[in-house]
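Numbering (this note's numbering), first residue to last: 5 to 328.
The beta-carbon is built from N, C-alpha and C at its ideal position, and this holds for glycine as well.
One structure is given here, and the rest of the page talks about it.
Shown next as structure tokens:
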């Protein structure tokens, strides 16, 4: 595995009394190449956002890295001090958070937020930082950009706040941009505009698009990684994965997506519920919900080559006929 951003064998856990830590990410392997957008998809609670927070050095209190590595341009991010992390965040790594109302400081103006980041990572004065901030707002389609510099997050609409968040993530031209559910709670028109903007900007560097929406992933991602119960179960080129899913979970997600050409056809939900974080990891986690499960699924499947430039973690990887 070789790329601009590499996550290798990442295991993250939380303390659980006197017992072993509760593992929420179990051996995540991902790689993002220059100019590529990788989509990370899966149900809520599967580990998408935890992966992003680990890559940004922003794990919640109590979370511990149990094993693995995160490298950016070969630099070991897990070995960094907090001071070094402050130089990386916003400079080399940018992130668009899911909720701009929690990702933006409510007591700082838009101009203040952008200027602080610009002056930390670029050698400019206060006036120069404000000029760059204004240009950044214009670049993400915010009207009356100069006036918006004095606004506070609560004075902006949801779409404008998300654009400010994107401007903040992009203003220092980071090497990699992580977007965590960047279109949540936006109406369809604004969502389409935001996705168009992100597609262009993420392709300029490298990008990780985290989403539960397979339509979003299909629209802007070059490759897709499907995550379930803290493990990658399928990864490969977007068209190949969506046209010919090899893991039963991927096939189930696709079967549950409404389509314009499926009028009169009922959606097929995936039966059962995702396992709890405390569930024992001694077998395939998808086994209780899988129609193809056999006794061999009592062993955890490895993420192995599955044809068409992809990797699949399944003892019964599906072919086109079975997946359809």
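Contact check, residue i vs residue j, beta carbons under 8 Å
{"i": "residue 321", "j": "residue 306", "result": "no"}
{"i": "residue 2", "j": "residue 61", "result": "Given that the chain is displayed from residue 5 to residue 328, the structure contains no residue 2 and the question cannot be resolved."}
{"i": "residue 209", "j": "residue 171", "result": "no"}
{"i": "residue 16", "j": "residue 69", "result": "yes"}
{"i": "residue 258", "j": "residue 45", "result": "no"}
{"i": "residue 248", "j": "residue 312", "result": "yes"}
{"i": "residue 190", "j": "residue 211", "result": "no"}
{"i": "residue 72", "j": "residue 12", "result": "yes"}
{"i": "residue 146", "j": "residue 133", "result": "no"}
{"i": "residue 153", "j": "residue 94", "result": "no"}
{"i": "residue 314", "j": "residue 245", "result": "yes"}
{"i": "residue 198", "j": "residue 186", "result": "yes"}
{"i": "residue 288", "j": "residue 304", "result": "yes"}
Residues near residue i by beta carbon distance below 6 Å, same chain, minus five either side
{"i": "residue 291", "result": "297, 301"}
{"i": "residue 169", "result": "100, 104, 107"}
{"i": "residue 10", "result": "35, 75"}
{"i": "residue 157", "result": "108, 110, 165"}
{"i": "residue 63", "result": "57"}
{"i": "residue 225", "result": "41, 43, 213, 242"}
{"i": "residue 85", "result": "none"}
{"i": "residue 254", "result": "230, 238"}
Among the options, the one whose alpha carbon lies nearest that of residue i
{"i": "residue 76", "options": "198, 182, 263", "result": "182"}
{"i": "residue 223", "options": "210, 244, 238, 200", "result": "200"}
{"i": "residue 39", "options": "288, 295, 119, 206", "result": "206"}
{"i": "residue 240", "options": "310, 124, 280, 287", "result": "310"}
{"i": "residue 273", "options": "97, 126, 161, 261", "result": "261"}
{"i": "residue 126", "options": "282, 227, 178", "result": "178"}
{"i": "residue 48", "options": "279, 303, 95, 128", "result": "279"}
{"i": "residue 80", "options": "270, 14, 188", "result": "14"}
Close beta carbons around residue i, own chain, < 7 Å, minus the five adjacent residues each side
{"i": "residue 51", "result": "28, 29, 231, 234"}
{"i": "residue 118", "result": "137, 140, 171, 172, 175"}
{"i": "residue 54", "result": "16, 28, 29"}
{"i": "residue 18", "result": "25, 26, 28, 66, 67"}
One or two residues paired with residue i in a DSSP bridge
{"i": "residue 18", "result": "26"}
{"i": "residue 253", "result": "DSSP lists no partner for residue 253."}
{"i": "residue 42", "result": "212, 227"}
{"i": "residue 292", "result": "For residue 292, which the question treats as bridged, DSSP gives no partner whatsoever."}
{"i": "residue 308", "result": "316"}
{"i": "residue 35", "result": "10"}
{"i": "residue 235", "result": "232"}
{"i": "residue 240", "result": "228"}
Proximity test, residue i beta-carbon vs the ligand SAH heavy atom, cut-off 7 Å
{"i": "residue 87", "result": "In terms of ligand content, the structure shown is empty, and the ligand SAH therefore cannot be addressed."}
Contacts around residue i, its chain only, beta-carbon distance under 8 Å, and the 5 residues preceding and following it disregarded
{"i": "residue 229", "result": "34, 42, 43, 44, 45, 236, 238, 239"}
{"i": "residue 20", "result": "26, 282"}
{"i": "residue 22", "result": "none"}
{"i": "residue 216", "result": "45, 46, 47, 48, 52, 185"}
{"i": "residue 319", "result": "288, 298, 300, 301, 303, 305"}
CB contact check: residue i to chain D, cutoff 8 Å
{"i": "residue 15", "result": "Here there is only one protein chain, and chain D is not present."}
Suppose only complete runs of 3+ residues qualify. What are the beta strand (DSSP E) ranges in the segment 47-130, listed by chain order?
68-76, 97-100
With a floor of 3 residues, list each beta strand (DSSP E) that falls wholly inside the segment 168-226, ordered by position along the chain.
The qualifying runs are 180-184, 211-215.
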